[in-house]
Amino acid sequence: MNPYSPVVVKTLTARLDRNQVAAFRRGMQEVLRMDQPRVVFDFCSVTHLDSAGIDFLLNCLSAIVRRDGELKLAAVSPQAATVLEITRVGRFFEIFPTVEDAVRSFDTFLPNAPSFPEPWDLFRAASDNHSPSEDLTGSAPQQI
Amino acid sequence: MQVGAVLVLGGCIGNDICESSARKYFPEAMASFFGAPVAMLDLLGEPILCRIIENLRKSGIGPIFLITDDAFANHAVVRDISRWHVHVRTAPGEALRTTTQAALKTCRESGARTALVLQAAAYVELEVAEMLWFHRASGQAVTFARDNSGPLGIAMVGNESTGQLMLPERRTPQSIPVEYVHRQYANRLSTPGDLRRLAQDALLQRCGIRPNGSEVRPGVWVAPSARLHPRARVVNPSYIGAHTRLRSGVVITRGTNIEHHCEVDRGCVVENATILPHTYLGSSLDIAHSIVNRNAMIDVRRAVQVEISDRSLIGSTSPLPRCAPRPSEVRSLPFMSHSPRRTLRDAFSAFLPKTPFLSPASVRFSYNTSEAKPGLGELPRAGDSSAVRG
C-alpha cells in the first residue's frame with residue numbers, strides 16, 4: 001500500500017495573470033487541504049506569466065510545504081522559464097522537462113539517483129544464494 | 001578621389017536576384033529586433049546607423065545617401081539623421097533598387113567616380129582606401145566585400161573607363177569576379193547574440209566604437225546626466241546612458257550597457273545585458289544574457305522573445321498618453337507618475353531638521369584630529385564631563 005497521497009497534475013492555462021489566477025486558486029483549494037499533497041503544475045501551454053502568477057505559485061508552494069508536501073513544475077515553456085528566471089523564483093522549484101518525469105520523481109529519493117535495493121531485498125537475495133546448511137556447518141576460515 | 005556612399009535600410013538591394021545568390025551576396029533578411037532594423041537600435045549612447053555613418057565620414061566619404069523603406073520613414077533615428085548631413089530618400093520596399101540607382105546617379109553628378117553601396121544591416125569597419133585600391137587594380141565595375149565568414153553586403157561600384165555608377169546586374173554566383181577580403185572588425189548583427197557581442201566588443205575596445213560618456217573608472221562609462229545611487233554598484237566593463245537612474249542596491253556587471261532614460265529599481269542585478277532606451281526594470285529582478293526593450297525582452301541563450309505586460313516587472317519609463325491630458329490633469333501628472341510615498345517623504349524632509357534630536361542624556365564625543373585617537377580602553381565614560389568637548 002502506498003502511504004503517500006496520489007500525485008495531482010494541474011495543467012495551467014496559457015495566461016497565468018491576474019484574471020486567471022483567481023479561478024485557478026479556487027480549483028486548488030481541495031488539493032491544498034490534502035495531507036502531504038504531491039502536486040505537479042504542467043506549464044506546457046503557459047506563455048504569459050506576470051507578477052500575479054508568480055505570487056500564486058509562491059502561495060501554492062508555501063501552502064503545500066506547510067503540509068509537508070511537494071510542488072514541482074513540468075514542461076516549462078521558454079517564455080515562462082525566462083520570467084521565472086528574471087524574478088529568481090525558478091530556484092524554489094524542481095523543474096522537469098515532462099510531466100511524466102515530474103510524476104516519476106516523487107517515487108525516487110533523489111532526482112536522477114539510481115534505485116538502491118531495500119535492505120530486506122538484500123537479505124532475501126543473500127539467503128537465496130547461500131543455503132542455510134552452509135551457514136550452520138560453517139566454511140573453512142579464509143586466510144587474509 | 002571623391003567616393004560617395006549609398007546606405008540601404010530595408011529589404012535587399014538586388015530584389016531581382018534569385019533568392020540563393022541574394023542571400024549569398026546581399027543577405028536578404030535584415031535582422032529586425034522589436035520591429036525595427038537592428039541598425040536603428042541604440043548602442044552605447046548612439047544608434048548603430050549613426051556609428052556606420054560616422055565611420056564613413058571618417059574615411060572621407062561623401063556625399064552619403066540613406067535609402068530607407070517607407071515603413072521606417074518616420075522613425076526617430078531617420079528623422080534625426082539629417083544632422084549628419086545625410087540625404088535621406090524613402091521608397092516602398094519594391095522600389096528600393098530604382099531609388100538606389102537614382103541616388104548613385106546623383107552621386108555621379110556631384111563628382112563621385114566611385115561609390116559604396118552598403119546594406120545597413122551589419123557593422124563593418126571598412127578600410128575604404130584599401131578596398132578602393134583593390135577595386136581600381138582589379139578593373140572591375142563592381143567589387144564585393146567579404147570576410148572569412150562570407151559576404152558582408154557591401155559593394156563598390158564605378159567604372160573608370162565608362163565613368164558610370166551602376167548597381168550589379170542579375171548574375172549567377174559563378175560570374176562573380178574577385179572579391180575584396182575584409183580583415184578588420186565586422187559584425188553582421190544578424191542575431192541578438194551578435195548585438196550583445198558588439199556591445200561587449202565596444203566596451204572592451206575590440207572595435208572602433210567608443211561609448212558616449214566619461215570613463216569614471218577603468219572600463220566604466222557613465223553619461224553626465226545619469227543618476228547613480230551611492231549604494232548602486234557598477235562593475236567594469238559597463239555603460240550607463242544619459243538620464244538613466246540606478247536605485248539603491250543595483251548591480252550592473254559583465255559588459256552591460258544601459259541606454260538613455262532607463263530606470264533600474266532597487267536590488268536589481270543586470271548581467272551581460274543590453275537595456276534599450278526608456279526601459280524600466282523592476283525591483284529585485286535578475287536580468288542576465290538578455291536584450292530588454294520596454295516591455296519586451298529577448299533571452300539570448302534561449303533565443304526567445306517574451307512580452308511582459310506587468311509594469312511592476314519590466315516596462316516603459318515614458319508612457320505615451322493616448323490623448324492629450326486635460327488641463328486639470330497636467331499639474332497632478334508629475335506627482336502621480338512617481339511614487340506618492342516618496343514624494344510626500346521628500347516634501348516633509350524639507351521641514352525636518354537635518355540632524356536627529358538628541359536626548360539630554362546623550363553625549364557627543366569629538367576628538368582633535370591632530371592628537372592620536374585613544375584606544376578602546378581610554379574611551380571616556382558617559383559621566384566623565386572632562387573628556388567632552390563642544
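As they're listed, the protein sequences go chains A and B. Sequential numbering from 1 applies to the first sequence in this note's numbering. Sequential numbering from 1 applies to the second sequence in this note's numbering. Built from N, CA and C at the ideal position, the CB exists for glycine as well.
Limits of the beta strand (DSSP E) - the one that residue i falls within
{"i": "V3 of chain B", "result": "V3 to L9"}
{"i": "V7 of chain A", "result": "V7 to T11"}
{"i": "W221 of chain B", "result": "V220 to V222"}
{"i": "V216 of chain B", "result": "S214 to R217"}
{"i": "T68 of chain B", "result": "I64 to D69"}
{"i": "E94 of chain A", "result": "E94 to F96"}
{"i": "V270 of chain B", "result": "V269 to E271"}
{"i": "V304 of chain B", "result": "V304 to E307"}
{"i": "I252 of chain B", "result": "V251 to T253"}
Closest by C-alpha distance to residue i, when choosing among the options
{"i": "R83 of chain B", "options": "B:G93, B:W221 and B:L66", "result": "B:L66"}
{"i": "I86 of chain A", "options": "B:V306, B:V181, B:S318 and B:N236", "result": "B:V306"}
{"i": "N272 of chain B", "options": "B:R197, B:V264, B:G111 and B:A145", "result": "B:R197"}
{"i": "M28 of chain A", "options": "A:L57, A:L49 and A:T108", "result": "A:L57"}
{"i": "L228 of chain B", "options": "B:A199, B:I258, B:D286 and B:C207", "result": "B:I258"}
{"i": "R67 of chain A", "options": "A:L32, A:A14, A:R15 and A:S105", "result": "A:L32"}
{"i": "A115 of chain B", "options": "B:T253, B:I275, B:A129 and B:V124", "result": "B:A129"}
{"i": "Q20 of chain A", "options": "A:D50, A:V39, A:E100 and A:Q79", "result": "A:D50"}
{"i": "A199 of chain B", "options": "B:G60, B:A39 and B:I61", "result": "B:A39"}
{"i": "I287 of chain B", "options": "A:V9, A:L84 and A:V40", "result": "A:L84"}
{"i": "V39 of chain A", "options": "A:A14, A:N59, A:E70 and A:A22", "result": "A:E70"}
{"i": "F34 of chain B", "options": "B:M297, B:L204 and B:A122", "result": "B:M297"}
{"i": "Q140 of chain B", "options": "B:V124, B:M166 and B:Y123", "result": "B:M166"}
{"i": "A137 of chain B", "options": "B:S149, B:G111 and B:M156", "result": "B:M156"}
{"i": "A76 of chain B", "options": "B:Q101, B:L96 and B:C50", "result": "B:C50"}
Residue i, buried or exposed, once every other Cβ within 10 Å from all chains shown has been counted against 16
{"i": "V65 of chain A", "result": "exposed"}
{"i": "V178 of chain B", "result": "exposed"}
{"i": "P325 of chain B", "result": "Residue placement at P325 of chain B cannot be trusted, given a pLDDT of 41 that sits under 50; what the coordinates show is reported in the next sentence. Burial call: exposed."}
{"i": "V3 of chain B", "result": "buried"}
{"i": "S238 of chain B", "result": "buried"}
{"i": "F365 of chain B", "result": "Only weak support is given to the placement of F365 of chain B: the predicted model assigns it a pLDDT of 38, under 50, and the question is left unresolved by the model."}
{"i": "W221 of chain B", "result": "buried"}
{"i": "T108 of chain A", "result": "exposed"}
{"i": "P97 of chain A", "result": "exposed"}
{"i": "D55 of chain A", "result": "exposed"}
{"i": "K354 of chain B", "result": "Legend: pLDDT at K354 of chain B = 46, less than 50; position of this residue unreliable, value from coordinates given subsequently. By the neighbour-count rule (16 or more Cβ atoms within 10 Å), K354 of chain B is not buried but exposed."}
{"i": "L7 of chain B", "result": "buried"}
{"i": "A5 of chain B", "result": "buried"}
{"i": "P151 of chain B", "result": "buried"}
{"i": "K58 of chain B", "result": "exposed"}
{"i": "A14 of chain A", "result": "exposed"}
First through last residue of the alpha helix (DSSP H) which encompasses residue i
{"i": "I64 of chain A", "result": "S51 to R66"}
{"i": "P192 of chain B", "result": "P192 to L203"}
{"i": "V103 of chain A", "result": "V99 to S105"}
{"i": "G27 of chain A", "result": "R18 to L32"}
{"i": "F134 of chain B", "result": "V128 to S138"}
{"i": "P78 of chain A", "result": "P78 to I86"}
{"i": "A102 of chain B", "result": "L96 to E109"}
Test item: CB-CB of residue i and residue j under 8 Å
{"i": "V86 of chain B", "j": "I64 of chain B", "result": "yes"}
{"i": "C268 of chain B", "j": "V250 of chain B", "result": "yes"}
{"i": "I81 of chain B", "j": "L126 of chain B", "result": "no"}
{"i": "S77 of chain A", "j": "T47 of chain A", "result": "yes"}
{"i": "P277 of chain B", "j": "H260 of chain B", "result": "yes"}
{"i": "L12 of chain A", "j": "D42 of chain A", "result": "yes"}
{"i": "A120 of chain B", "j": "L9 of chain B", "result": "yes"}
{"i": "F106 of chain A", "j": "V7 of chain A", "result": "yes"}
{"i": "T317 of chain B", "j": "T279 of chain B", "result": "yes"}
{"i": "M146 of chain B", "j": "V117 of chain B", "result": "Reading the sequence as shown, one finds Arg at residue 146 of chain B and not Met. Contact: no."}
{"i": "Q36 of chain A", "j": "V304 of chain B", "result": "no"}
{"i": "A103 of chain B", "j": "R188 of chain B", "result": "no"}
{"i": "N55 of chain B", "j": "G213 of chain B", "result": "no"}
| task | Give, in chain order, every residue of the segment 57-83 of chain A whose Cβ lies closer than 8 Å to some Cβ of chain B. | result | P78, Q79, A81, T82 and V83
| task | Compile a chain-ordered list of the residues in the segment 250-270 of chain B whose CB is closer than 7 Å to at least one CB of chain A. | result | none
| Using Cβ-Cβ distances below 7 Å, what residues of the segment 29-54 of chain A are close to chain B? | D50 and S51
| field | Against chain A: residues of the segment 185-199 of chain B by CB proximity under 9 Å | value | none
| said: Any C-beta of chain A within less than 7 Å: which residues of the segment 306-317 of chain B qualify? | reply: V306, I308, S309, D310, S312 and L313
| task | Could you name the residues of the segment 83-104 of chain A whose beta carbon sits closer than 8 Å to any beta carbon of chain B, in the order they occur along the chain? | result | V83, E85, I86, T87 and R88
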